[in-house]
Structure formats: C-alpha cells, structure tokens
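J.: Using my numbering, read the sequence shown as starting at 4 and increasing by one per residue.
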Amino acid sequence: MEALLKKLTETFGPSGEEAAVRTLIEAEIKDSVDRIFTDNLGNLFALREGAGPAIMLSAHMDEIGVIITHIDEHGFMRLAPVGGMAPHLLIGQRLRFRDGRVATVYHEKLKSLRDLEWSKLYLDGGAAAAPPENPVAVGDLACFDQPFQRAGGRYLAKALDDRAGCALLIETARRLPRELPHTVCFVFSVQEEVGLRGATTAAYRLKPAYGLAVDVTRVGDTPKAPVMAVSLGQGPAIKIKDSSVICHPLVRRFMIDTAAELGIPYQLEVLERGGTDAGAIHLSREGVPSGVLSIPCRYIHTPSEMVDAGDMEHALTLLVKLCSKPWPAL
Ligand code: CO
Ligand code: ZN
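In structure tokens:
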C-alpha cells in the first residue's frame with residue numbers, strides 16, 4: 004500500500020489533466036480485473052464480472068491545482084484556482100507543470116497578509132520573458148510539488164485527496180475472491196474537485212444498482228479544530244451526510260453491519276461542508292442507493308495532507324468484504 008500511495012500521490016493530475024494518473028492506475032489494476040476502458044471524459048473503468056447487479060465504486064483521480072491566466076513580459080505568471088485551493092497556502096510553495104518544470108509562488112507588496120487574494124499572487128518559473136521564449140502558456144495547469152513521506156504511523160503527501168481512495172480501489176481489486184455475488188465496477192473518476200463531473204457521466208454509463216464513493220474526509224482532532232466527530236486513527240468513517248448526499252440508510256446499515264461483523268473500528272461521519280462522487284452517483288437516472296467510505300484526513304487541500312496507516316488498512320479490509328458479500332435488496 005505504501006509504495007503504491009507514493010507513486011499515486013507524486014503523480015501530476017489536476018482536474019482535467021488526469022492522464023498520467025490514469026496511465027499509472029491502468030498498469031496497476033489491469034491484471035486484477037476482467038475488463039478495462041476509458042470514457043469520453045477520461046474516467047477509467049475497471050470491471051470484475053460477478054453474478055448479481057453492479058456496484059459502482061468510485062475514487063477520483065484529480066487533485067486541486069492552479070491554472071495560468073496571464074504571463075507578463077518578465078515571465079511572471081498570474082494564476083487562478085482549480086478546485087478548492089486557498090491562496091495563502093501557496094506562498095513559497097513549489098508548483099509543478101505537466102512536463103516537470105517547477106515554479107514558486109509569491110505575492111505583490113501587501114499592507115497585511117489579510118489583503119492576500121488571488122490577484123496579488125504570481126508564479127515565477129525562472130524564465131525572464133513572455134511566450135514564446137517562455138515555455139508556459141495561458142491555460143497550463145500546475146499542482147503542488149511535494150514528496151510522499153511517512154511520519155510516524157501516518158502518511159504525508161499532496162493529493163491524498165483522493166489518491167488514497169484510488170490506492171484502496173486498486174488494492175481491493177487485487178484481493179477480491181474468484182467468485183463474486185455482484186459485478187464490481189471500479190471507477191477512477193475525473194474532475195471531482197470542480198463539481199463531481201466525471202462521476203456524473205460514469206454513473207450514467209454504468210447504471211449501477213448501488214454506488215459507493217471512497218474519498219477522504221475532514222477531522223476534528225487537531226488544536227482548536229472545528230468540532231467534528233471524526234479523528235485520525237479511529238478507523239475509516241462511514242458517511243451519514245455531507246453537502247452533496249444523504250447516504251442511503253440501507254447502504255449505511257450494510258456498511259456498519261459489515262464493519263461490526265469484521266470487528267473493524269469505524270466512525271460515523273457528518274461533514275457539514277463538502278461533497279464527493281456519491282453526490283453525483285446517487286442522482287443518476289432514477290436514483291442509485293449510495294454510500295461513502297471516508298478516510299479521515301488532516302489538512303485536506305494543503306501541500307501536506309495526512310492520513311493514518313491503520314485507517315487505510317482497516318478501510319481496505321472493509322472494502323474487500325463489502326465487494327464479496329451480497330448487498331441487501333431495496
Ligand atoms: Co478534495
Ligand atoms: Zn476528494
């Protein structure tokens with residue numbers, strides 16, 4: 004899991020440019036599934052055929068980033084967010100473009116850091132010229148440039164949102180039994196961070212009987228954090244609700260019962276703000292009963308997101324079991 008997480012999180016993949024992540028996942032999962040294909044938007048589907056109706060598992064490949072909006076004659080680039088990126092987190096950060104070029108972010112003179120807004124930030128990639136001498140173009144995307152590291156029993160990396168989910172889906176595919184009561188569709192979706200766009204078309208295509216998103220969630224266990232009943236290291240979280248979905252009671256119950264049956268620690272999650280792929284899946288066609296398995300994560304949408312190694316292992320055990328059991332009928 005750790006080696007796979009390192010590869011996945013260090014790969015470039017802001018929303019709309021998930022190709023490198025997709026290529027990596029395809030290579031990692033292809034020997035564990037019956038069928039693999041990509042749709043028009045770039046979602047990757049990896050299917051294991053089973054006896055019963057299909058379960059769609061979804062983890063998003065994209066990460067937050069920035070987009071170049073303007074390049075001046077000195078080569079300084081202006082930027083805008085792609086997904087939920089905060090400007091103050093960018094100061095002094097290295098950002099990386101698709102081709103590996105790096106740049107650093109700083110800000111214009113400010114009276115106070117409170118005046119910081121996107122229009123005051125610029126990106127310096129070392130080229131003292133406008134295009135074409137400068138290899139950057141308006142519309143280029145960049146993401147954080149951070150190595151994956153282990154810190155105690157935790158993993159630190161950029162893009163654990165949601166490469167942690169991608170790693171779990173790949174590992175689940177590797178551990179599934181030969182006979183399955185359901186067809187299991189692993190979907191690696193695009194453009195979640197800009198509005199659950201990939202999951203929308205993926206669910207429409209698959210027409211699944213059930214949906215299950217696997218993504219990170221916020222925690223309330225850091226100094227003076229907003230109150231929230233989820234902590235790192237207390238097991239994966241079974242989502243009750245966020246701003247995109249009220250998880251189906253039947254799916255929720257099935258997840259809770261399965262965790263209890265396995266003796267795995269779990270937490271119940273009510274996320275007051277934020278959404279995930281289940282938000283799109285459950286509204287597909289005539290409605291798809293959906294749930295979410297969440298990995299508790301500190302510092303979401305920063306260069307150093309943190310998850311617990313034990314939570315990842317428990318999530319994997321639970322996912323394998325969830326895919327190996329018959330799901331309750333509606
Ligand atoms: Co996110
Ligand atoms: Zn996410």
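C-beta atoms are modelled at their ideal positions from N, C-alpha and C, and glycine is treated no differently.
Predicted, not measured: the structure shown is a model, and the values here were computed from it.
Can you confirm whether Val36, when its beta carbon is compared against all beta carbons of chain D, has any partner nearer than 8 Å?
T.: Included in the structure is just one protein chain, with no chain D present.
J.: Looking at C-alpha atoms only, which residue of Gly16, Leu325, Lys242 and Ser327 is the closest neighbour of Leu163?
T.: Gly16
J.: Does the segment 202 to 210 come within contact of the segment 33 to 50, defined as at least 3 CB pairs closer than 8 Å?
T.: yes
J.: What number of angstroms, rounded off, separates the C-alpha of His185 from the C-alpha of Trp330?
T.: So the two alpha carbons sit approximately 8 Å from each other.
J.: First and last residue of the alpha helix (DSSP H) that includes Arg177?
T.: Leu163 to Arg178
J.: Under the criterion of a Cβ to heavy atom distance below 7 Å, does Thr279 qualify as lining the ligand HEM?
T.: Ligands in the displayed structure: the ligand CO and the ligand ZN; the ligand HEM is not one of them.
J.: Do Gly78 and Ala132 come within 8 Å of each other at the CB atom, strictly closer than that value?
T.: yes
J.: With respect to 7 Å, is the separation between the Cβ of Val219 and the closest non-hydrogen atom of the ligand ZN below this value?
T.: yes
J.: Are there any heavy atoms of the ligand ZN lying less than 7 Å away from the beta-carbon of Asp245, as far as the coordinates show?
T.: no
J.: Give the C-beta separation of Gly53 and Leu183 to the nearest angstrom, bearing in mind that I take them to be a contact with Cβ-Cβ under 8 Å.
T.: 3 Å
J.: Could you check which residue in Ala312, Asp218 and Asp314 has the C-alpha nearest to that of Leu274?
T.: Asp218
J.: For Arg177, which residues of its own chain have a beta-carbon under 7 Å away from its beta-carbon, when the five flanking residues on both sides are left out?
T.: Cβ-Cβ distances below 7 Å link Arg177 to Ser35 in the same chain, with the five nearest sequence neighbours on each side left out; the list follows chain order.
J.: With DSSP as the reference, label Gly214 as helix, strand or coil.
T.: strand
J.: Is any non-hydrogen atom of the ligand ZN found closer than 7 Å to the C-beta of Asp164, if you look at the structure I gave you?
T.: yes
J.: Compare the beta carbon distance of Arg255 and Ile241 with 8 Å and say whether it is the shorter of the two.
T.: yes
J.: Taking the beta carbon of Lys161 as the centre, do at least 16 other beta carbons fall within 10 Å, making it buried, or is it exposed?
T.: Around the Cβ of Lys161, a 10 Å sphere holds 16 or more other Cβ atoms; the residue is buried.
J.: Whole angstroms is fine: what's the gap from Arg276's alpha carbon to Gly156's?
T.: 28 Å
J.: I'd like to know whether the C-beta atoms of Ala263 and Ala57 end up nearer to each other than 8 Å.
T.: no
J.: Thinking C-alpha only, which one of Met80, Ala312, Glu21 and Leu322 is nearest Cys188?
T.: Leu322
J.: I believe Arg99 touches Asp65 by the beta-carbon criterion, under 8 Å. Please report the beta-carbon distance rounded to the nearest angstrom.
T.: Not really, about 15 Å apart at Cβ, beyond 8 Å.
J.: Compare the beta carbon distance of Val193 and Leu60 with 8 Å and say whether it is the shorter of the two.
T.: It is not a contact, given that the beta carbons lie outside the stated cut-off.
J.: Residues in its own chain within less than 8 Å of Glu76 by CB, not counting five upstream and five downstream?
T.: Ala132 and Ala133
J.: Taking 7 Å as the cut-off, is the C-beta of Glu195 nearer than that to any heavy atom in the ligand ZN?
T.: yes
J.: Out of Gln237, Pro135 and Glu308, point me to the one whose CA is closest to Glu13's CA.
T.: Glu308
J.: Since Gly282 is in the alpha helix (DSSP H), which residue starts that stretch and which ends it?
T.: Element bounds for Gly282: Ala281 to Ile284.
J.: Run the CB neighbour count on Ile303, radius 10 Å, all protein chains shown included, and call it buried at 16 or more, exposed below.
T.: That one is buried.
J.: Which same chain residues, not among the five before or five after Thr225, have their C-beta less than 7 Å away from its C-beta?
T.: Arg301
J.: In chain order, what are the residue ranges of uninterrupted beta strand (DSSP E) at least 3 long that sit wholly in the segment 99 to 168?
T.: 105 to 110, 124 to 127, 144 to 147, 152 to 154 and 157 to 160
J.: List the DSSP bridge partners of Ser293.
T.: Gly214
J.: Here's a check: name, in chain order, each residue in its chain whose Cβ is nearer than 8 Å to the Cβ of Thr261, leaving out the five neighbours to either side.
T.: Leu321, Lys324, Leu325 and Lys328
J.: Is His304 a contact residue of the ligand CO, with contact defined as CB to any heavy atom under 7 Å?
T.: yes
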